[in-house]
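Numbering follows numbering that gives the first Met the number 0, with no gaps: position 7 of the sequence shown is 6. In what follows, a single structure is set out as structure tokens and then discussed.
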Amino acid sequence: MNLRRTCVLVSTTAFVLLLLLLYGGLGSVLRASSAALRDYQLLGSPLYKLDLTWPRNPELFTGAVFAVAVNQYAGLVYVAQRGDNVPKMLVFSTDGHLLMSWNSSTLEMPHGIFVADAATPSPSVWVTDVGTGPYGHCIKQYSPSGKLLQVLGTPGQPGSGVSPLQFDQPAEIFVHTSGEIYIVDGDGGMNNRLIKLSPELEVLWMHGEKGQGLAQFYIPHSVTVDAAQRVWVADRGNKRIQVFNSVTGEWLGTWGSCFTEDAPYSVRITPDKKHLVVVQLNTNQLSVLEAPPVGMIGQCRVESVIQLGEDTKPHLVDLDLKTGALYVAEIGAQQAQKFTPFSLGGSLL
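Here it is, written out as structure tokens:
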């Protein structure tokens, strides 16, 4: 019997009794329980299940995995890892085969990834680099095969300038289909900023004050934009998500009650726009929150939780906008994993 495929929430007593019946003997129970600790559990509504076939060869991960991004139109998954003498980028197919790897000397310490213009013949891969060497403190645009196309920021020089642009450990980038760019800058550096750029890279609006007040940040770590012109920011150091109007930059609301135990590290919107997927690294959780209707923010409500194994340390996630599949970059486990949505009434999440 495959425990991974049948992991469900049951009481501790029932769980032990079940293992006794299946395996017999205390020794078998202890071995099976140890394996379960490395597995995952579904809390609340079961919205996702682990795809055990992805990737085909998990041993290909040789470093600490920090980020993942999907080009759903090309069927590609980009996975960024760190470490000495390891390829910084692995490119898989959505069915789990390794297609290529990059080890560009221009990429020091990848943090976040985003695939822009995915539906066009010329998509590009944006990578935030938090390295402190001659190529760090920048955001880089690459071709799908790893050719460097453009650099935002001053390589090797942290700063707070906007003309020209400077960054200090930029955490993540989101490129809208309009070509407008959203950046959270400050993975522990001098900056705590949310910046919106035009397609011509001009600053349209910015919130850049460190603090706990409205529209202030402490380690803004992830950003995404929904179809209702709302910008969602994982304000990690303040253990909350802040929401802004994408056109004006106006502050719209804050969610904090869902993050009393651990901060949000990553935030993404599901394809049907009904849920937000949020990562909590220290508690090893992926929380699925109800997305509020257009015109209101309200309070956050957790509908489902994927409880990962101890020391998995999930960092950033991305979603396949065609299939709804969820990809998770896991620092502690040194791997990326794929979760597929359960069918709900014949439709995906």
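Beta carbons are placed, not taken as given, at the ideal position from N, Cα and C, and that holds for glycine.
Can you check DSSP and say which residues form a bridge with residue i?
i    : result
E171 : V183
A328 : L315 and A335
Y141 : V124 and L147
V78  : V67 and L89
K273 : Looking at the DSSP assignment, K273 forms no beta bridge with any residue, so it has no partner.
L307 : The partner list for L307 (beta bridge, DSSP) is empty, contrary to what the question assumes.
H206 : L193
R267 : V276
R229 : N244
T223 : W231
Report all residues from its chain with a CB closer than 7 Å to the CB of residue i; omit the five preceding and five following residues, and keep chain order.
i    : result
P291 : G297
E249 : F243
N1   : Since pLDDT at N1 reaches only 36, below the 50 mark, its modelled position is unreliable, and the value read off the structure follows with that caveat. Hits under 7 Å: none found.
F113 : A68, W125, I172, F173 and V174
N281 : D261
Between the alpha carbons of residue i and residue j, how many angstroms are there, rounded?
i    : j    : result
V369 : V232 : Because the chain here runs from 0 to 348, residue 369 falls outside it and cannot be looked at.
A115 : A73  : 12 Å
Q211 : P219 : 12 Å
L51  : V301 : 25 Å
A117 : T176 : 9 Å
I180 : C257 : 28 Å
G132 : P109 : 12 Å
A214 : H206 : 6 Å
L315 : P143 : 20 Å
E107 : V222 : 22 Å
A170 : G111 : 6 Å
D225 : A262 : 21 Å
G130 : Q168 : 7 Å
Q336 : S100 : 18 Å
P157 : R192 : 14 Å
Q306 : P163 : 43 Å
K209 : D184 : 11 Å
According to DSSP, is residue i part of a helix, a strand, or is it coil?
i    : result
R235 : helix
F60  : coil
L25  : For L25, the predicted model reports a pLDDT of 33, less than 50, meaning its position is unreliable; a value from the coordinates is still stated below. Note: L25 maps to helix in three-state DSSP.
S44  : coil
F341 : coil
F258 : helix
K321 : coil
E289 : strand
G135 : coil
T349 : Outside the modelled stretch of the chain, which goes from 0 to 348, sits residue 349, for which no answer is possible.
T119 : coil
P154 : coil
T253 : strand
P163 : coil
Q284 : strand
E199 : coil
Q211 : coil
S100 : strand
I218 : coil
Give me, in chain order, the residues of the same chain whose beta-carbon lies closer than 6 Å to that of residue i; leave out the 5 immediate sequence neighbours on both sides.
i    : result
V85  : T61 and G62
V161 : V202
E289 : R300 and E302
F338 : Y47, L49 and L325
D83  : none
C137 : D128, V150, G152 and P154
N237 : Q211 and Y217
A332 : T311
R55  : G95 and H96
D319 : V69 and Q71
Run the proximity test for residue i: is its beta-carbon closer than 6 Å to any non-hydrogen atom belonging to the ligand NAP?
i    : result
F173 : Although the ligand NAP was asked about, the structure shown includes no ligands whatsoever.
Quick test of the definition: if touching needs 3 or more C-beta pairs under 8 Å, does the stretch 42-49 touch the stretch 69-83?
no
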